[in-house]
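Student: Before anything else, here's the structure in question.
2 protein chains.
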Amino acid sequence: MDKGIRPNRNTVLRLTQYKNMLHRLKSLGFERVFSDNLAGAVGVTASQVRRDFAFFGISGNKRGGYAIDALIEKMRSLLGKGSIQKVIIVGAGHIGQALMHYKGFVKEGIRIVAAFDIDAQKQDQHQRIPVFSMECMQPYAREHDIKLGIICVPEHAAQEVFDQMLDTPIEGVLNFAPMRLIAHRDCEVHNVNVGLELETVVYFVNAKHQGVRYADSAS
Amino acid sequence: MDKGIRPNRNTVLRLTQYKNMLHRLKSLGFERVFSDNLAGAVGVTASQVRRDFAFFGISGNKRGGYAIDALIEKMRSLLGKGSIQKVIIVGAGHIGQALMHYKGFVKEGIRIVAAFDIDAQKQDQHQRIPVFSMECMQPYAREHDIKLGIICVPEHAAQEVFDQMLDTPIEGVLNFAPMRLIAHRDCEVHNVNVGLELETVVYFVNAKHQGVRYADSAS
DNA sequence: TAGATTGTTAATCGATTAACAATC
DNA sequence: TAGATTGTTAATCGATTAACAATC
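Chains as they are written, first to last, in the working numbering: chain Y, 566 to 784; chain W, 566 to 784.
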């Protein structure tokens, strides 16, 4: 019976961080790890590691810690890496290109299989990752049963692209356009807003400078 | 006397979202806004908007809501946009290029003034945003009193670049390399890890599929 | 065994939301 | 004035941490 408990974004983010760190530890020759080690490496508390593990049904040995191989295997299955995850990109501009060339995905079982763009200049079906015209997107996604899409088109085109995606088997979207997408059916949408991130850094740097004061004494 | 209260990342993220939305509302001809409107537009509760505003010392009229112009002005000063924020980029690969071409920064008072790369091929001092050799980074940052840097180099070079930045006036860094940077002095570091974000989406999509169950019944 | 580490519960912390008195 | 909206306090919610009994 499903408990209906759903891990939140942060919990899953930590899980992937654990996994990445475990890969590294393994490559360094380690075979077992303690919650303590892992916590230090990822930058959280040991309590948190154990609680997260408990949450995902991962258990270790009361004195020997956790076997790295078993841990990696368990996480692989949790993160759905039994099969390769096919992803398409819409928008082959700079960000799209950056993602197409990003090496990190391969070892995580994520594979970007195609990109789409309205600009005929950017279309090229003979690259490692082919870039097709926009019209091909829906047929392609349906035929290959694509579950994941990345949106890197300008803001004014993002909702339109998203609507088109919702008319395919796509169930998860990573959105780089700086806006909230409105979904007409269930779909997991995560936003990456580089502008906001940079502005946030700017804020903190300035705040530090002017010895900020809040509420009572503001300007 | 400084209260020592420090807004967290999420609060500041919301603040910038409010600001962006206010710009949009203004361009649509609105002059005043209620916490209710703004909340709906950004996707939070009205209570949250009012609490955030109170936190930053922003006040409105008990019946007339908030004057958009005054609100924008207030936020501009809070987010440190009195002067233009100069930013440098290290690593002129795909992500670096994407950021150099990103239009959104200009209107926020953020200006990317230069980029640096070890690859002589990528260097070009005659573009709108010049790309210099790595050796120029520290002298440039010192001479122009740069406070903000963006790291878009491969993982193996990121810490080295960061160390170099810490030897300049830089106080805030946006890091795209998928690793934790270690700081030898105080510096505001925010990480953008696209790989993690995508993996997180993958997780949720898979979880939905296999009707996940946790803790008790796992594998 | 003695010592160390897990697994889990209770305590703490912080952030969000609801409610409502103040007031325009 | 009556009605609506703010500003603020108290209640709620959820996530993190500390503590410790179980146990390898």
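For glycine and all other residues, C-beta sits at the position ideal for the given N, C-alpha and C.
#1: So, for Glu753(W): in the same chain, excluding its five sequence neighbours on each side, which residues have a beta-carbon less than 6 Å away from its beta-carbon?
#2: Leaving out five residues on either side along the sequence, give the residues of the same chain with a beta carbon under 8 Å from the beta carbon of Thr576(W).
#3: Quick check on the burial criterion: 16 or more other C-beta atoms within 10 angstroms. Buried or exposed for Leu590(Y)?
#4: Would you give the residue range spanned by the alpha helix (DSSP H) that Ala619(Y) belongs to?
#5: Return helix, strand or coil for Arg778(W), following the three-state DSSP convention.
#6: Below 8 Å between beta carbons: does that hold for Val767(Y) and Leu713(W)?
#7: Quick one: what does DSSP say Leu580(Y) is sitting in, helix, strand or coil?
#8: Determine, using beta-carbon pairs with one atom in the region 657-665 of chain Y and one in the region 632-639 of chain Y, whether at least three such pairs fall under 8 Å.
#9: Less than 8 Å between the beta carbons of Ile633(Y) and Ala706(Y), yes or no?
#10: Quick check on the DSSP output: what are the complete beta strand (DSSP E) runs of length 3 or more inside the region 633-662 of chain W, in order along the chain?
#11: What does the alpha-carbon distance come out to for the pair Val759(W) and Val757(Y)?
#12: Over the uninterrupted alpha helix (DSSP H) stretch that includes Ala706(W), give me the two end residues.
#13: So, Thr581(W) versus Thr733(Y), is the Cβ gap smaller than 8 Å?
#14: According to DSSP, simplified to helix, strand and coil, what is His721(Y)?
#15: Is the CB-CB distance between Met699(Y) and Phe681(Y) below 8 Å?
#16: Can you check whether the CB of Phe741(W) is closer than 8 Å to the CB of Arg660(W)?
#17: Against chain Y, with Cβ distances strictly below 8 Å, would Ala635(W) count as a contact?
#18: Helix, strand or coil, according to DSSP, for Leu603(Y) in the structure here?
#19: Examine chain Y for any beta-carbon lying closer than 8 Å to the beta-carbon of Ala663(W), and answer yes or no.
#20: Between Leu593(W), Arg750(W), Met744(W) and Gly629(W), which lies nearest to Met730(W) when the distance is taken from Cα to Cα?
#21: Hey, quick one: how far does the alpha helix (DSSP H) through Val671(W) stretch, first residue to last?
#22: Contact defined as beta carbons within less than 8 Å: I believe Ala723(Y) pairs with Met744(Y). What is the distance between those atoms, to the nearest angstrom?
#23: From Gly656(W) to Pro719(W), what distance separates their C-alpha atoms?
#24: Under a three-way DSSP split, which group does Glu753(W) fall into?
#25: Whole angstroms is fine: what's the gap from Gly629(Y)'s alpha carbon to Leu746(W)'s?
#26: If I follow the unbroken beta strand (DSSP E) through Phe681(W), where does it start and stop?
#27: Kindly say whether Phe769(Y), judged by its beta-carbon, lies nearer than 8 Å to any beta-carbon of chain W.
#28: Since His709(Y) and Lys651(Y) are thought to touch, with beta carbons under 8 Å apart, how far apart are those beta carbons, to the nearest angstrom?
#29: Mind pulling the chain Y residues with CB within less than 8 Å of Phe670(W)?
#30: Terminal residues of the continuous beta strand (DSSP E) containing Ser529(W)?
#31: Count the other CB atoms within 10 Å of the CB of Leu593(Y); is the residue buried (16 or more) or exposed (fewer)?
#32: Suppose contacts are defined by Cβ-Cβ distances below 8 Å. Is Tyr583(W) in contact with Val607(W) by that definition?
#33: Quick one: Cα of Asn771(W) to Cα of Arg571(W), how far?
#34: Would Val577(Y) pass as an interface residue toward chain W - the criterion being a Cβ-Cβ separation below 8 Å?
#35: Is the CB of Asn581(Y) under 8 Å away from at least one CB in chain W?
#36: Given a cut-off of 8 Å, decide if Leu739(W) and Leu761(Y) are closer than it, judged by their beta-carbon atoms.
Tutor: For this structure:
#1: Gly737
#2: Asp617 and Phe620
#3: buried
#4: Ala611 to Phe620
#5: With a pLDDT of only 48 at Arg778(W), under the threshold of 50, the placement of this residue in the model should not be trusted, and no figure is reported.
#6: yes
#7: helix
#8: no
#9: no
#10: Whole beta strand (DSSP E) segments, 3+ residues: 650-655.
#11: 8 Å
#12: Met702 to Glu708
#13: no
#14: helix
#15: yes
#16: According to the sequence shown, residue 660(W) is Ile rather than Arg. The answer is yes: Cβ separation under 8 Å.
#17: no
#18: helix
#19: yes
#20: Arg750(W)
#21: Gly669 to Lys672
#22: 6 Å
#23: Spanning the alpha carbons of Gly656(W) and Pro719(W) requires a straight line of approximately 8 Å.
#24: strand
#25: 30 Å
#26: Ile675 to Asp682
#27: At least one C-beta of chain W is nearer than 8 Å to the C-beta of Phe769(Y).
#28: Contact holds; Cβ gap of about 6 Å.
#29: Gly760 and Leu763
#30: An answer regarding residue 529(W) cannot be provided, because it is not within the stretch 566 to 784 covered by chain W.
#31: exposed
#32: yes
#33: Inter-residue distance for Asn771(W) and Arg571(W) is about 37 Å (C-alpha atoms, whole angstroms).
#34: yes
#35: The sequence as given places Thr at residue 581(Y); Asn does not occur at that position. It does: the Cβ of Thr581(Y) has a partner Cβ on chain W nearer than 8 Å.
#36: Not a contact, by the Cβ cut-off of 8 Å.
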